[in-house]
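Just below is one structure, and these are the notes that go with it.
Numbering (my numbering), first residue to last: 5 to 160.
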C-alpha cells in the first residue's frame, strides 16, 4: 500500500511539474511580441514521460536497494554476535581445561600422599608382624579394601 502511495505521489508530482512548465511557457509567449522577423523556434522533442509501470519499476528498485542495505546491516550484527559467542565459548573451554589440569594435579598429589601413607602403614604392619606373626592375620578387611582402591585408582 505504501509503495502504491509513493508511486502515485511521484506520478502526480511529475504531472504538476509538467503543467507548471507548460503554464510558464504560455505566459512567456504572451509577453513576447511576435513580429515578422521573429519566428517561432522549433520545439525540441521532450523526453517521453514516464509511465506508471516505469514509475513502479523505479520504486521497486529503490525498495530492493533499501532491503539490501538492511540485510547487510543485519548480517553485520549477526556476525558480531557469532564472534562474541565464539569468544565466550573459547574462554569457557580455556577455563574448563585449566580446571581439569588443576583437578588432575590435585588427584595426583592426593594419590601420592595416600600412597605414601599406605606405604608407611604397610611398613609399620610388616615390622610389627615380624615381631608378632599373629598380627598379620588380624589386619582389618577395611584397610585392605581401602589400600587396594588407593593403589589401583586411576588418577589421570
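Beta carbons are placed, not taken as given, at the ideal position from N, Cα and C, and that holds for glycine. Please read these numbers as outputs of a predicted model, since none were measured by experiment.
Figure out for me which residue from the options has the closest Cα to the Cα of residue i.
{"i": "residue 155", "options": "132, 125, 119", "result": "119"}
{"i": "residue 157", "options": "69, 88, 108", "result": "108"}
{"i": "residue 55", "options": "65, 90, 34, 18", "result": "18"}
{"i": "residue 149", "options": "128, 104, 127, 122", "result": "122"}
With DSSP collapsed to three states, give me the class of residue i.
{"i": "residue 5", "result": "coil"}
{"i": "residue 25", "result": "helix"}
{"i": "residue 160", "result": "Interpretation of residue 160 is limited by its pLDDT of 49, a score under 50 that renders its predicted location unreliable; no figure is taken from the coordinates."}
{"i": "residue 32", "result": "helix"}
{"i": "residue 96", "result": "helix"}
{"i": "residue 80", "result": "helix"}
{"i": "residue 109", "result": "helix"}
{"i": "residue 20", "result": "helix"}
{"i": "residue 88", "result": "helix"}
{"i": "residue 135", "result": "helix"}
{"i": "residue 146", "result": "helix"}
Taking 9 Å as the threshold (C-beta atoms), are residue j and residue i in contact?
{"i": "residue 14", "j": "residue 59", "result": "yes"}
{"i": "residue 48", "j": "residue 22", "result": "no"}
{"i": "residue 67", "j": "residue 7", "result": "yes"}
{"i": "residue 151", "j": "residue 125", "result": "yes"}
{"i": "residue 92", "j": "residue 10", "result": "no"}
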